[in-house]
Amino acid sequence: VGVPPLRFLAARCQDGPELVAFIGARERSRLLCLDDFASFGAEVVASTDDGSAGYHGTAVAALESYLERERVDQILTCGPTPMMRATATLALARGIPCQVCLEARMACALGACLSCVVETTAPGWQKYQRVCTEGPVFDACNVVWGTLSPLCAV
Numbered sequence: 137v138g139v140p141p142l143r144f145l146a147a148r149c150q151d152g153p154e155l156v157a158f159i160g161a162r163e164r165s166r167l168l169c170l171d172d173f174a175s176f177g178a179e180v181v182a183s184t185d186d187g188s189a190g191y192h193g194t195a196v197a198a199l200e201s202y203l204e205r206e207r208v209d210q211i212l213t214c215g216p217t218p219m220m221r222a223t224a225t226l227a228l229a230r231g232i233p234c235q236v237c238l239e240a241r242m243a244c245a246l247g248a249c250l251s252c253v254v255e256t257t258a259p260g261w262q263k264y265q266r267v268c269t270e271g272p273v274f275d276a277c278n279v280v281w282g283t284l285s286p287l288c289a290v
């Protein structure tokens, strides 16, 4: 959960579109991959809940502040469920496409056990999709957020 899955995307996109990485943590010592994202050419916006580094507040609050003065074409998010839900809500309210990278506990990682299903509303898809096979990336507007436990890895 969190920044590492998006690090690989940033590495692949370093010669592509402009990237801005919002990386948040409770405190400075828990911030991950700041230098990695910068080395890929991304603008890095760090935030800490305690104000010990960067923006004083959550990554979502930093993103909201950024969106008040800048335009973005797409938002990709990965992290704790409440943070992804808040990011998705913010993006959808502003009409910005948003994709979420979900993580789930998986027993088989092949799609057979159905332990990683997430409820969705994607047209043309089954109501429940497997994070291990149809995901892990989903369009945020298709995720039924109320069915995801904030205490789980999803």
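For the sequence shown, my numbering begins at 137 and goes up steadily by one.
Think of the CB as a built atom: it goes at the ideal place given N, C-alpha and C, for glycine as much as any other residue.
Since the structure is predicted, the reported quantities are computational estimates derived from the model, not experimental observations.
Exercise. With DSSP collapsed to three states, give me the class of Gly-231.
Key: coil
Practice problem: Within its chain, find whatever has a CB closer than 7 Å to the CB of Ser-175; leave out the 5 residues flanking it on each side and keep chain order. | Solution: Nothing listed; no residue qualifies.
Practice problem: Note the first and the last residue of the continuous beta strand (DSSP E) segment covering Phe-158. | Solution: 156-161
Practice problem: Under 6 Å Cβ to Cβ from Cys-169, same chain only, skipping five residues before and after it: list those, please. | Solution: Val-139 and Arg-143
Quiz item: Apart from the five residues on each side of it in sequence, which residues of its chain come closer than 8 Å, Cβ to Cβ, to Met-219?
Solution: Gly-160, Thr-194, Ala-195, Val-196 and Thr-213
Quiz item: Just the Cα atoms here: how many angstroms apart are Ile-208 and Asp-275?
Solution: Checking the sequence shown, residue 208 turns out to be Val, not Ile. Using only the alpha carbons, I get a separation of about 16 Å.
Practice problem: Scan the region 145-212 and note each continuous beta strand (DSSP E) run of 3 residues or more that stays entirely inside, going in chain order. | Solution: 156-161 and 179-184
Practice problem: Look up Ala-289 in the DSSP assignment and say whether it is helix, strand or coil. | Solution: Confidence at Ala-289 is low in this model, with a pLDDT of 42, below 50, so its placement is unreliable and the value that follows should be read with caution. Coil.
Self-check item: Which of helix, strand or coil DSSP assigns to Arg-221
Solution: helix
Quiz item: Do you know whose CA, among Gly-271, Glu-270, Ala-258 and Cys-268, lies nearest Cys-277's CA?
Solution: Considering only alpha carbons, the answer is Ala-258.
Quiz item: For Ala-182, is the classification buried or exposed, using 16 other Cβ atoms within 10 angstroms of its Cβ as the cut-off for buried?
Solution: By the neighbour-count criterion, in which 16 or more other beta carbons inside 10 Å mark a residue as buried, Ala-182 falls on the buried side.
Quiz item: For Val-267 versus Cys-237, is the C-beta distance shorter than 7 Å?
Solution: The answer is no: Cβ separation not under 7 Å.
Quiz item: Using the C-alpha atoms, what's the distance from Glu-179 back to Asp-172?
Solution: 11 Å
Quiz prompt | Supposed contact pair Leu-155 and Gly-190 - C-beta distance, whole angstroms, cut 8 Å | solution = Their Cβ separation, rounded to whole angstroms, is 17 Å, which puts Gly-190 and Leu-155 out of contact at 8 Å.
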